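*Asks:*
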Amino acid sequence: MEIIVRSAAGEILGRASHPDEARLCLDHVWEAGDRVEILSFPGAHLRVRIGIAVPEGEIFCPFGTCGWQVPAGEQRLAYAPGAFDQPRNILTARVMTAEELSRPRDLARNPLDLRGDTDFYPHCTANVETRGESVFAARNVIDGLRFNTFHGEWPFESWGIGAREDAWCRINFGREILAEKMALTLRADFPHDAWWVGGHLADSNGDQLAFELKKTAERQWIDLGGRKVVWLQLERMVKSDDPSAFPSLRAWEVIGTEAGKA
């Protein structure tokens with residue numbers, strides 16, 4: 164297990180390795196272009212922490228090497244203010260145990276997810292993000308937070324659809340999982356926000372599931388019946404007749420287990 168931090172020019176700013184858990188204390192303020200590399204083995208399930216900017220999260224690395232581009236500029240607005248300005252950062256990475264992998268858990272949660280292409284999972288994408296702003300990016304729904312009574316700034320980041328009726332949002336898990344149930348937490352900045360009264364869930368098997376939603380700030384649970392999937396997609400969402408044009412999703416949780424490890 165190894166952690167390497169490189170500058171935009173490719174200079175190694177810090178590195179640490181260990182058979183079980185790599186730990187790096189880095190005296191460096193994050194700059195645009197900095198990149199964190201995690202080296203393990205193909206198919207590794209890892210617990211990774213990057214400074215105070217991102218809480219520890221679980222990632223799946225199909226290729227054994229995972230690259231995390233440090234957010235810069237406008238992209239930082241979806242994170243805690245000052246999170247990338249600290250003079251000292253701690254980074255850790257370790258392989259998850261068999262016991263951890265056997266437990267039911269939120270397999271969608273990934274605070275490390277980034278916009279654009281990534282080489283680790285889970286990864287969340289969408290066909291629209293309001294004005295292309297980071298605080299309305301698809302990745303926000305799996306960052307592990309559920310603060311939903313405001314919008315447009317941390318910790319109220321969400322997936323915004325820009326008033327599009329054909330909006331969809333997909334979570335790719337990168338491998339087969341057994342999905343037992345999911346919870347949708349709508350953004351609830353009423354009366355600014357509208358809400359969805361229903362929608363459809365598509366999956367990697369070609370199956371479809373219609374579901375209903377209501378106006379609430381609480382989690383709304385939907386049974387998935389233990390289906391084996393690689394990805395799930397929210398689509399054909401139906402907006403309420405509220406005059407607001409802004410329904411939005413704050414959090415999407417998927418409770419399940421690893422396929423073959425249940």
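Using the numbering used here, read the sequence shown as starting at 164 and increasing by one per residue.
The C-beta atom is built at its ideal place from N, Cα and C for all residues, glycine as well.
The model shown is predicted, which means the values in this text are computed figures rather than measured ones.
Report the residue from GLY214, SER297, THR293, ALA301 whose alpha carbon sits nearest the alpha carbon of PRO285.
*Replies:* Cα-wise, what sits closest to PRO285 is ALA301.
*Asks:* Quick one: what does DSSP say LEU264 is sitting in, helix, strand or coil?
*Replies:* Correct three-state label for LEU264: helix.
*Asks:* Less than 7 Å between the beta carbons of VAL291 and GLU320, yes or no?
*Replies:* Cβ atoms of VAL291 and GLU320: not closer than 7 Å.
*Asks:* Could you tell me whether the Cβ atoms of LEU254 and ILE215 are closer together than 7 Å?
*Replies:* It is not a contact, given that the beta carbons lie outside the stated cut-off.
*Asks:* Under three-state DSSP, which class holds PHE336?
*Replies:* PHE336 falls in the strand class under three-state DSSP.
*Asks:* So ASN311 and ALA357 are supposed to be a Cβ contact under 8 Å. How far apart are they, rounded?
*Replies:* Not quite, the Cβ-Cβ distance comes to about 14 Å (not below 8 Å), so this is no contact.
*Asks:* Helix, strand or coil: which one does DSSP assign to GLN396?
*Replies:* Strand.
*Asks:* Between which two residues does the beta strand (DSSP E) carrying PRO218 extend?
*Replies:* Here the beta strand (DSSP E) through PRO218 covers 217–224.
*Asks:* In its own chain, which residues sit with a C-beta less than 6 Å from the C-beta of ARG110, not counting the 5 before and 5 after it?
*Replies:* Summary: the structure shown does not reach residue 110, with the chain confined to residues 164 through 425, and so no result is reported for it.
*Asks:* Enumerate in chain order the residues of its own chain whose CB-to-CB distance from GLY227 is below 8 Å, with the five nearest sequence positions on each side excluded.
*Replies:* For GLY227, where only same-chain residues beyond five positions count, the Cβ hits under 8 Å are LEU202, SER203, PHE204, PRO205, GLY206, ALA207.
*Asks:* Given a cut-off of 7 Å, decide if ARG333 and TRP384 are closer than it, judged by their beta-carbon atoms.
*Replies:* No, the Cβ-Cβ distance between TRP384 and ARG333 is not below 7 Å.
*Asks:* For the stretch 239–254 and the stretch 262–273, state whether three or more C-beta atom pairs, one from each stretch, are separated by less than 8 Å.
*Replies:* The stretch 239–254 is not in contact with the stretch 262–273.
*Asks:* Give the secondary structure of ALA207 by DSSP, where H, G and I count as helix, E and B as strand, and everything else as coil.
*Replies:* Of the three classes helix, strand and coil, the one that applies to ALA207 here is strand, per DSSP.
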